[in-house]
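> Structure incoming, see below.
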Amino acid sequence: MSDSEQTIGASLPRRDALRLAVGRGTFTDDIVLPRMLHMALVRSPYAHALIKSIDITDAKNSDGVVRVLTGADLEDVCSPFIASIEFLPNMISPPQYALALEEVAWQGEGVCAVLAESRALAEDAAELVKVEWEELPAVVDPLTALLAGTPTVHRKLETNIAMIMPIEKGDTKLAFANADVVVEHSFEFGRQAGVALETRSVVADFEPAGRQLTVYQSHQTPYQMQDVYARHLGLAEHQVRVIAKDVGGAFGLKLHAYPDEMAAVAASVLLGRPVKYIVDRQESFTSDIHSREMTATGRLAVSGQGVILGVEVDILSAIGAYSIYPRTSVGDGVQAVQFTGAPYRLPTFKGRVRIVYQNKTPCGAYRAVGQPIGCSIIEQLLDLAAAKLNLDPSEIRRRNHLRSVDMPFKAAGGLEFSNVSLDECLTALLAKMNYDSLRNDQKKAQKRGVYRGIGLATFVEQTAVGAGLYGPAGVRVSAQEGCSLRLNPSGLVNCSTSVTDQGQGTLTGLQQVIAETLGIGFDDVTVEAGDGGATPYGGGSWASRGLAIGGEAARLAAIDLRNKILTVAAAITQELPENLTLVNSNIFDGSKCLMDLSELSEIVHFRQNTLPPGVDFEMNVTRHFVPRDFPYFIANGIQASYLEVDVGTGAIKLLEHWVAEDCGKIVNPLLVDEQLRGGIVQGLGAALYEHCLYDDAGQLLTASLADYAVPLASEMPDIHIVHVETPVSGTGLGAKGAGEAGTLGAPAAVWCAVNDAIRPLGAQVWKQPFTMAHVLQALNSKGSLL
Amino acid sequence: MAEMLPIKLTVNGAVVSKLVDPRQHLTDFLRIDLGLTGSHLGCEHGVCGACSVRVNGQVIRGCLMLASQTDGADVQTIEGIFEAGEAAELIAAFVARNALQCGFCTPGMLLTAAEIVAEGKLLDRQEIRNELSGNICRCTGYQSIIDAVEMVLLEKLKEA
Ligand code: FES
Ligand code: FES
């Protein structure tokens, strides 16, 4: 058996990696069940229309078709769903149906489902469904959506405003009046798609005799979906089992309850047969959640020394046609305003977010939610102020970021900090990137007429959210994670966890925590996850929680199992349990090895008769952990981008990227680093390429991977990482989350770098993504910007 | 439905005779008819590269080729390549360097990478990046993949 010491903190590769690499993963589309039907959808071609009639005659008679379903057919099987939050009673949220009833509110909303013997036959028949439409005016532009007199996104809504949230701390008016420098900037953030390479997929299998529903789904949280299906399909919770096998990327977009997936599951219940539904790439672009469509204005007041006196921000967030179920779509806008300036001391703050509906694809949580928006706004404002004061951008950050002496700290936007290491991160980053020599490089390049820019972005990341969020909001999403451990007869350990893993490597991290805490080898532990019916109840994977919360549950379970093992070992060997230790799968009394774990395992499984009476032989434990003493952990860090702007063409070339990050205790540096890099590249995609473009009628123009550009290997820079490791208190493990930090800070770093590059020309970009056209627009309109 | 077409081809070394729907693409044929689910569909419009397979020694996109076009061809998928032990160093380097996360892109990525390695030329990092730019990975950010391929290329060169 391998060495058990020092497993936590080791760069161990993932056990699953080989299986996945050689094509032996089981993604949902790989699952084939007997008598399985395939579903294809007829989706609305209009952004807003009434369904006058649906003629399914030809479709029904088409080859291989078993059933054609409309909204009316599913209405009784699947009850409508409304996303709401109890402490936001004024939030407006229209009901959604598995298939639209009379009105469609975005291009791509499902209206009719065809169930056939193959996907191809289902698609053939879907083309034969005749829908008579009455097109209604589409509300596309967020500003127009706000205006009185604009038609509503749904006929039954009285307004398009979902919610308005103001936040105020202190008197910003006074602060701005007394400031030495005031800067102001407008921002536009393009609507983005999540683009998991594996599209959303579901295989629903309802067995009508025993009324048992099993759903295989490419999803982050099987527990939430069990609850959703049970409640909306009229089943008891223990009649529903949701299993997420291998998931081909998720990034938040596989966190929601989508109407098309509800339709597939409802169809299986109705027909009593397995139903497979695989969203194709075009459907993925029109029906996966989008995010981040916002405009904002920000103002910053600083003293002559560059100390922040006040921040004002006003954000307009457009969330599409519905608030996504069950978590709602308001988080993006709310977090955008909350995170504006969150890493800094803000004596005064005035923020507002207005959230509007529009006839576009519904929005929802995508990696880092609204946090990148808040980050981009404040970082850009700081650079503008630094330029006016002739301060180095690193210096203005150092003068304002939160420090250990400020802890504990409650930010203006409500964020609670218990520890912070921004100063250490900044120092580490500047050293890693050779900041001063890079600045020289930049100056020299400029003399040659080459415009390079350096951008810094300080970030704080909300991770490991505890019991204070969804529960009190009346949203049935659990914040706990669980871990069951069982010692098997060979002396090896099977772990079953509520944490789910879409490639992050969290399960490997759990394996490390369990091995080291127990005192056995890394390879002596296997971890099962994803089966909502067979694992301890929990949250799954969202908001960077897997290791911070699930890892703590695993640690607690391992401690309990170790104690059980040592207690039975003491009974067998007639020693005192407190004198015994478990190291490398051997039980020691001091330095004397008494027995090995396989011997003990054999006794407790096959030779219980040899144990003294009353001795506990059950080597199973289950523990859960939920943060109750703290609301979440704030991870922090800073990123830097170095890039070159071709002022003739507007093209941006990324040269290098750095990040200094503190996610508390690092369990596996190899995996954490790749989480950061993967996240950063998604953020770079946001900055440079990714944009869901619509025309004025609400038609999505970017519904293929040829039109919606994601980062490719050729355009990405090498990313250098340095860690600052400040374990948190609140858990024994001391880990925070790390999954979203990269995506959070990268766009802001690029934003600052582009503007740093073209500032000598008096130009500033203001619209993300920074396409060549926009950079040229910025260069041509220099001086006139705000 | 159009008339089914008979095809006879070699898949991972074994002869396969089947009737196929003329409109069925190669990846659907491999996945649905032969159960070779290691090739994935990320877009079905030729952009992502997740469906990459080898036909007559060349890496192609299975979603852009019809199954009926492969009559008489020699097709290799990730399953066959692994079983033959062909890209063993590359696969080991991907695992060691954590050059995959969800693994959905990886079989396709490995096929392209194996082609680069087989060429035997030492490429610099940007050249490796360019060569791999036809395979989308949404998880890794690519750097670990570039590292893994670079490692294997350098290793090969040392041996030669
Ligand atoms: S599935 Fe063939 S290239 Fe994407
Ligand atoms: S590892 Fe997920 S797409 Fe590449």
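Chains as they are written, first to last, in our numbering: chain A, 150 to 935; chain B, 24 to 183.
All residues carry an ideal CB built from backbone N, CA and C; glycine is no exception.
#1: With distances taken Cα to Cα, identify the nearest neighbour of Lys-305/A among Val-344/A, Glu-252/A, Glu-793/A and Thr-851/A.
#2: Give the secondary structure of Pro-866/A by DSSP, where H, G and I count as helix, E and B as strand, and everything else as coil.
#3: Beta strand (DSSP E) containing Val-82/B: first to last residue?
#4: Report yes if the C-beta distance between Leu-134/B and Val-175/B is below 9 Å; otherwise report no.
#5: Below 9 Å between beta carbons: does that hold for Lys-425/A and Asp-178/A?
#6: Which value, in whole angstroms, describes the spacing of the CA atoms of Ala-852/A and Thr-880/A?
#7: Is any non-hydrogen atom of ligand 1 found closer than 8 Å to the C-beta of Ala-73/B, if you look at the structure I gave you?
#8: Interface residues of chain A around Pro-130/B at Cβ under 8 Å?
#9: Check the Cβ of Phe-52/B against every Cβ in chain A and list those closer than 8 Å, keeping chain order.
#10: Could you please tell me which residues of the segment 843 to 875 of chain A, in chain order, have their CB closer than 7 Å to any CB of chain B?
#11: Please specify which runs of the beta strand (DSSP E), each continuous and at least 3 residues long, are wholly inside the segment 200 to 271 of chain A, giving them in chain order.
#12: Can you grab the Cα-Cα spacing for the pair Ala-37/B / Cys-524/A, in whole Å?
#13: Mark Asp-778/A as exposed unless 16 or more other C-beta atoms lie within 10 angstroms of its C-beta, in which case mark it buried.
#14: Is Glu-805/A closer than 9 Å to Gln-520/A when the C-beta atoms are compared?
#15: Is there at least one non-hydrogen atom of ligand 2 closer than 8 Å to the beta-carbon of Phe-127/B?
#16: Which residues, in chain order, does the segment 664 to 690 of chain A contribute to contact with chain B at a C-beta distance below 7 Å?
#17: Can you have a look at Gln-81/B and say buried or exposed, based on whether 16 or more other CB atoms are within 10 angstroms of its CB?
#18: Taking only beta-carbon positions, decide if Gly-85/B is within less than 9 Å of chain A.
#19: What residues from the segment 807 to 838 of chain A come within 7 Å of chain B, judged by C-beta to C-beta, listed N to C?
#20: Would you check if the distance between the CB atom of Tyr-165/B and the CB atom of Val-830/A is smaller than 9 Å?
#21: Is Cys-160/B near ligand 1, in the sense that its beta carbon is under 8 Å from a heavy atom of that ligand?
#22: Quick check: does the Cβ of Thr-163/B come within less than 8 Å of any heavy atom belonging to ligand 2?
#23: Over the uninterrupted beta strand (DSSP E) stretch that includes Ile-801/A, give me the two end residues.
#24: If we require 4 or more residues per run, which alpha helix (DSSP H) segments fall completely within the segment 120 to 155 of chain B?
#25: What are the complete alpha helix (DSSP H) segments, minimum 4 residues, inside the segment 426 to 494 of chain A?
#26: At a CB-CB cut-off below 7 Å, which residues of chain A make contact with Gln-166/B?
#27: Could you pull out every residue in the same chain whose Cβ sits closer than 7 Å to the Cβ of Cys-160/B, ignoring the five residues on either side in sequence?
#28: Looking at Cys-901/A: is its Cβ nearer than 9 Å to the Cβ of Glu-528/A?
#29: CB of Gly-679/A to nearest heavy atom of ligand 1: below 8 Å?
#30: Return the chain-ordered list of same chain residues with a C-beta closer than 7 Å to the C-beta of Ser-417/A, the five sequence neighbours on each side being excluded.
#31: In chain A, what lies closer than 8 Å to Val-118/B by C-beta?
#32: List in chain order: all unbroken alpha helix (DSSP H) runs of 4+ residues lying wholly within the segment 271 to 325 of chain A.
#33: Please report the residue range of the alpha helix (DSSP H) in which Ile-752/A lies.
#34: Buried or exposed for Thr-798/A, please, with buried defined as at least 16 other CB atoms from any protein chain shown within 10 angstroms of its CB.
#35: My understanding is that Ser-734/A touches Gly-670/A, with C-beta atoms under 8 Å, so please give their C-beta distance in whole angstroms.
#36: Are three or more beta carbon pairs between the segment 309 to 318 of chain A and the segment 499 to 511 of chain A nearer than 8 Å?
According to the structure shown:
#1: Glu-252/A
#2: coil
#3: 81 to 84
#4: no
#5: yes
#6: 44 Å
#7: yes
#8: Ala-170, Val-171 and Gly-172
#9: Within 8 Å Cβ-Cβ: nothing; Phe-52/B doesn't reach chain A, min ~12 Å.
#10: Ser-853, Leu-854, Ala-855, Val-859, Leu-861, Ala-862, Ser-863, Met-865, Asp-867 and Ile-868
#11: 214 to 219 and 259 to 265
#12: 56 Å
#13: exposed
#14: no
#15: yes
#16: none
#17: exposed
#18: no
#19: Leu-819, Leu-820, Glu-823, Arg-826, Gly-827, Ile-829 and Val-830
#20: yes
#21: no
#22: yes
#23: 801 to 811
#24: 129 to 142 and 148 to 154
#25: 430 to 436 and 480 to 487
#26: Arg-826, Asp-867 and Ile-868
#27: Cys-128, Met-132 and Ile-168
#28: yes
#29: no
#30: Ala-353, Asp-354, Phe-355, Pro-423 and Val-424
#31: Pro-162, Arg-163, Ala-166, Leu-167 and Ala-170
#32: 291 to 295
#33: 746 to 755
#34: exposed
#35: 7 Å
#36: yes
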